[in-house]
Each structure stands twice: as structure tokens, then as C-alpha cells.
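Structure first, then comments.
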Amino acid sequence: MGRRSGVLEFAVLGLLHDAPMHGYELRKRLNILLGTFRALSYGTLYPCLKNLVAQGFLVEDNPDVEYVPATALNGKRSKIVYRLSAEGKQRFEELLADSGPDAWEDEHFGVHFAFFGQTDRAVRMRVLEGRRSRLEERLERMRSSLARARERFDDYTVELQRHGLESVEREVRWLNELIETERSNRTGRAGTDAAGPHKTSDGRGQEGGSQDPSGPPYDRPGRSAQER
């Protein structure tokens, strides 16, 4: 399975883990999750859905209703509702637990981060630290490239490279804050809103102090450093 199709599979399973959806609603949610700059067409989504159904990860409700692609003339939408099977839930849990190098890459990291609320804390730490390590390697290459660019290219090209360098530096600082928050246990258990109230030992609410993960540089899950 290709890297892009793997990201889409993970995102579909994760969204359907929350609630069943028909294809039109799922496509809207995916475009929000993955970013409008990677807007999905039905021609991309439906082959993925059919493949997940064939593998037994999804179940179709109302499967006898034939899908007619929506157009300006017919206005029709799919009436098929997709939901996770038991195997699909298990597959999502496996993808959620993946903390290997693929989870550190630009496309994969954004989707993993979107589901951090359901992810074990140890896995979150490995993904965050791996992502930081990957970006620190990228920074070294970008700094060397910028030094050479100052000698070879015009000011606008140099400025563009400097902008990319600063974007990666901002993400590294953001990751440092998240990692420090995880280490100091301010995020609580998986599934708890890091910015919401935490319970003290006597049951009273206490405001958490974690960094808002929706802030820069990831104002939208799935954005890569270069695209910012």
C-alpha cells in the first residue's frame, strides 16, 4: 500500500471509529482533517472505501442502493452508510499504535496527531520525538543549502529558503513544548482534553496547563512544514 493511500485509510478508519457516516459526510470530514489543499474527490475516496469493505474493515448499510455520483444536474448522493467492523476497529488500533519512521513524515504525522486523543501516551512520545529528530536532520540540510544559496541565487530565492527554514524551526520549538508537556504529565491520560480541567486527588477540577496543539505551526492537521 502506498504512503498516500495508507494515510487515507488511517483517516477513514479514525473518523468512522467515532461514528458511522455516509460518503458525502465522510468526504467533508476528511477534507477538514487532511486540509483543503489536498481536497479529496469522490474518485479518490470511493475506491478506498470499496477496498476497505473488501478487506472486511468496513460494513455498508443499505448496500442495495446504487450510488450515482453527484452532479449539478442530478444532485444525487450516496445513501450508503459506512461503519467499522470488529476487524476495522482492530485495524485502527494497530495503525494508532504505529510509532515507526512513517509516522514522523509530513503526511502521516498530521493524521497521527489528529488522533492523539485516542493514542497511548508512550506512543505519542515516540511519535513526537521521532518527528523532532526528523526535522532536526532536515534543519541541518536546509541551513547548509541556505548558506550556499546566498552565494549562488538572487535575494528572492534566498528569502524563500529562509522562510522555509524558519517554518521548520518553529515546528521544532512547538514539538519541544509538546514533549515537555508530555514528560511533565500535564496532558493526563489518552482521550483527555489536554487544555481542559484535570481532577485532583480529592476530585476537584483543576485547570490543565498544556500547550494548545491547534496553534502554530499546525493550525490544521496534516499540514507539512514545507506547505506552511
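Be aware that the sequence shown starts at 0, since it is given in this note's numbering, and climbs by one per residue. Every residue, glycine too, gets a C-beta built ideally from N, C-alpha and C.
Between the segment 113 to 132 and the segment 39 to 57, the count of Cβ pairs shorter than 8 Å is below three; the stretches do not touch. By the Cβ criterion, the segment 139 to 148 is not in contact with the segment 83 to 95, since fewer than three pairs of Cβ atoms, one from each stretch, lie closer than 8 Å.
Per DSSP, D60 is one residue of the beta strand (DSSP E) stretching across L57 to D60.
For R151, the number of other beta carbons within 10 angstroms of its own is below 16, and it is reported as exposed.
H21 has V80 as its beta-bridge partners, per DSSP. At the C-beta level, V6 and L48 stay beyond 8 Å of one another.
It is roughly 21 Å from the alpha-carbon of M20 to the alpha-carbon of H111.
Pairwise C-beta distances place the segment 167 to 179 in contact with the segment 129 to 146, as three or more of them are shorter than 8 Å. Secondary structure of N184 (DSSP, three-state): coil.
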